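Under this note's numbering, the first residue of the sequence shown is numbered 141, with each subsequent residue one higher. Here a beta-carbon is modelled for each residue, glycine too, at the ideal position from N, C-alpha and C. Nothing here was measured: the structure is a model prediction, and the numbers come from that model. The next block holds one structure in the form of structure tokens; read it before the comments.
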Amino acid sequence: MKFPIFLLLLLGGGPLFSQPPSAERITKHVNRLASDKMRGRGTGSRENERAAAYIAKHFKKAGLKPLGEQGYYQSFTAKVRRIVVPDSLRKAANIIGFLDNGAPYTIVIGAHYDHLGLGKQGSSLAEKPEGQIHNGADDNASGVAGLLELAQYYAKNDVKEPYNLLFMAFGAEELGLQGSRHFLNHPTLPLEKLDFMVCMDMIGRYNPDRGVGIGGYGTSDAWPTVFKGVTSDIKFFTDRAGNGGSDNAAFYAKQIPVLFFHTGGHPDYHKPTDDPEKIDAQAEAKILRLEIDLLDKAMNEPKMTFTPVR
Ligand SMILES: [Zn+2]
141 MKFPIFLLLL LGGGPLFSQP PSAERITKHV NRLASDKMRG RGTGSRENER AAAYIAKHFK
201 KAGLKPLGEQ GYYQSFTAKV RRIVVPDSLR KAANIIGFLD NGAPYTIVIG AHYDHLGLGK
261 QGSSLAEKPE GQIHNGADDN ASGVAGLLEL AQYYAKNDVK EPYNLLFMAF GAEELGLQGS
321 RHFLNHPTLP LEKLDFMVCM DMIGRYNPDR GVGIGGYGTS DAWPTVFKGV TSDIKFFTDR
381 AGNGGSDNAA FYAKQIPVLF FHTGGHPDYH KPTDDPEKID AQAEAKILRL EIDLLDKAMN
441 EPKMTFTPVR
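Below is the structure:
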């Protein structure tokens, strides 16, 4: 498609097909993934597989290259360890899509898509969890929505960034980071080619008094340079630690710098009441805008070196 130059100027000169994070699409993704029909996306369930297929479909739509082991899929067996169940071994998968910019190094953007299902895999905080749908809208349909938004944004912005981007939806995080650990032990591209990892887990409950927390600030000496001068409509704060909270901890353990986005705990955490209508999609869109600004700045810097946080 060709556009006359005056039209480009009229449109502000920005990239024509780039779609900034949108609250409408975030809401759509969260409503879909965290609806009662999805029965809490428990590991090993048919609904967990449907969530995986939904993500793979959107990776394909964005034009990402499959970088799992069976197309976008990297399958593995997860194990329930926290409670005793007859079906402790469960089918799980990571969904992996690659934006290949022909660059030497790659940035990982990740979010887990599994949740607690019907409360039969441990770690529910409900009084009687068994049989109740744990929708997991904030934990972590919100992060998956963020992942899909960033994937379409970077895949369609007509800019060849100086880094490649690896988009990963992890399985079996709620069973103890099993998907991210599986990937790191069976990587589909060499780990020494990774620059850093960005994790989103629970980014849908923005609280203006607290702000969005960004962990991992101490995991590379490069982060202060990246954050310098970055502003946002939403309140944010940094935290040096990178070894807790979610799948970022598995990357940290492999000495890869991380950032971890999190809007904080709430009374619905790991309960059947973590529902889609409680998600603040407008604020989440602004958090993603902030992530894009940070990623763009980080991509102007050389490959980062890891620093352990004491
Ligand atoms: Zn989570």
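Sequence-distant partners of D361 (beyond 5 residues in either direction) whose C-beta falls short of 6 Å from its own C-beta, in its chain, are T447.
The C-alpha of N325 lies about 33 Å from the C-alpha of P269.
The three-state secondary structure of T167, taken from DSSP, is helix. Looking at the backbone, the Cα of E187 and that of E424 are separated by about 25 Å. At a threshold of 7 Å, S360 does not count as near ligand 1, since its beta carbon sits no closer than that to any of the ligand's heavy atoms. Around the beta carbon of N440, fewer than 16 other beta carbons lie within 10 angstroms, which makes this residue exposed. Taking a cut-off of 8 Å for Cβ pairs, the region 412 to 419 and the region 348 to 361 do not touch, as fewer than three such pairs fall below it. Note that the C-beta distance between M342 and G283 is below 8 Å.
Leaving aside the five residues that flank R380 on each side, the residues in its chain whose CB is nearer than 6 Å to its CB run, in chain order, Y357, G358 and V449.
Using a C-beta cut-off of 8 Å, the region 293 to 303 makes no contact with the region 188 to 196, since fewer than three inter-stretch Cβ pairs fall below that distance. Judged by their CB atoms, Y303 and Y245 are nearer to each other than the 8 Å cut-off. With at least 16 other beta carbons inside 10 angstroms of its own, D279 counts as buried.
H252 has its alpha-carbon roughly 8 Å from the corresponding atom of A312. A residue is called buried when at least 16 other Cβ atoms come within 10 angstroms of its Cβ; K300 does not meet this threshold and is exposed. In this structure Q261 is buried. Its beta-carbon is surrounded by 16 or more other beta-carbon atoms within 10 angstroms. Of the candidates L306, T378, K394 and A389, the residue whose Cα lies closest to the Cα of N241 is L306. With a cutoff of 7 Å, E313 counts as near ligand 1, since its C-beta is closer than that to a heavy atom of the ligand. Sequence-distant Cβ neighbours of L430 in its own chain, meaning closer than 8 Å and more than five residues away, are V352, V370, S372, I374 and F376. Setting aside the 5 residues that flank it on each side, Y392 is surrounded in the same chain by T359, G382, N383 and V398, each with a C-beta closer than 7 Å to its C-beta; the list follows chain order. Of the residues G319, E267 and E209, the one whose Cα lies closest to the Cα of S386 is G319. Contiguous alpha helix (DSSP H) elements confined to the region 357 to 421 occur at 363 to 367 and 388 to 393, taking only those with 4 or more residues. Residue burial annotation: P226 is exposed, with fewer than 16 other C-beta atoms found within 10 angstroms of its C-beta.
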